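The structure appears below as structure tokens.
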Amino acid sequence: MSTLGANPARKVILDCDPGHDDAIAILLAAGCSEIELVGITTVAGNQTLDRTTLNAQRVCTVAGITAVPICAGCDRPLVRPLVTAGHIHGSSGLDGPDLAAPQVPVSEEHAVDFIVRTVMESEGDITLVPVGPLTNLAVALRRQPRIAERVAEVVLMGGSAGRGNHTPAAEFNIFVDPEAAAAVFGAGWPVTMVGLDLTRQAGATAEVRRRVRDLGHPVGQMVADMLEFLGAACQREQGVADPPLHDPCAVARVARPGLVEVVDAHVAVELRGELTAGMTVTDFRGRAGPPSSKVALHLDRQGFWDFLVETLARFPR
Ligand code: BDR
Ligand code: CA
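Take a look at the structure:
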């Protein structure tokens, strides 16, 4: 839904593992005028690859997103066994809303091939927004290292400068495939880490959930049902009343950078720690090395929710 405006829409490939917050990230990226969504790529994470891909198709079907290719990617992390998050997202990966069979196809092109081809054919204006484990990006880097010079920016949801969520030290996306994360953080391209420090500020309050349900159209209904399921899961599993919408925060940073404040830091991924594997060790003081990433620390909450609800409102009745 990009429109002509003063600034051209930013071209984005959204790499995701839907997942409730991933699904909402798809809607935000596809629905806002600041982004031209050129592709949706899927990866194993919140659930197995077949389920995350099916969920991307189902969400796009409800929302009428028919012109954006969906490419399935890697079905397991680089070296570790797959860990999923059924305790949060359910056995389908997107439990809660009653979703019809998908009407949009999956591309024949593998996600890694799609990423490499799209970036190499571009004018250097593609932003990658990975909001799941970083396996697809790591394999794309291995396949064609020159994508690191041609990507405009990588704005990822993952990591934390402080506490983790899947383990005390590690955030889920990085925990699932830390070797891939290490490759992405170390590739020399501009990386922004939209991690838990930021996304924990994006808890969907009762007021937000009411605003979404009041939209009264199919997309609003679907998202309201997602938030209800996710809210119950987060309350049960994490003792959190307002479910954080992690992945849309990365999209918001790309679409409206002023909503998400960042600070330069050096980020390294712990690979060997018995208790700390997948920790994103973040140094703001420059002792571990020069700044390698931007780290998101503060969210304009009101601006974020207004952006999300206004974007959801644009989908057809
Ligand atoms: C991340 O983990 C997943 O469960 C969510 O979709 C999000 O990408 C948060 O830690
Ligand atoms: Ca995700």
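The sequence shown begins at 4 in this note's numbering and counts up by one. For every residue, glycine included, the Cβ atom is placed at its ideal position computed from N, Cα and C. None of these values were measured; they are calculated from a predicted model.
Residue 159 holds the alpha-carbon nearest to the alpha-carbon of residue 263 among 283, 159, 142. Counting C-beta pairs with one atom in each stretch, the stretch 156 to 172 and the stretch 132 to 144 have three or more that are closer than 8 Å, which means they touch. Annotated three-state conformation of residue 304 is helix, per DSSP. Per DSSP, residue 180 lies in no alpha helix (DSSP H) segment and is marked neither H nor E.
In this structure, residue 43 has its beta carbon at no less than 8 Å from each heavy atom of ligand 1. Residue 279 places its beta carbon 9 Å or farther from that of residue 198. Boundaries of the alpha helix (DSSP H) around residue 221: 221 to 241.
Under a 10 Å Cβ-count criterion, residue 290 is classified as exposed, with fewer than 16 other Cβ atoms of the shown protein chains found around its own Cβ.
For residue 77, there is no enclosing beta strand (DSSP E), as DSSP marks it with neither H nor E.
By DSSP's assignment, residue 206 forms a beta bridge with 247.
For residue 86, same chain residues with a beta-carbon under 6 Å away, outside a window of 5 residues either side, are 179 in chain order. Close CB contacts of residue 236 within its chain, under the 8 Å cut and outside five residues either way in sequence, are with 90, 91, 92, 93, 246 (chain order). For residue 269, there is no enclosing alpha helix (DSSP H); the residue is found in the beta strand (DSSP E) stretching over 263 to 272. Within 10 angstroms of the beta-carbon of residue 200 lie 16 or more other beta-carbons, which makes it buried.
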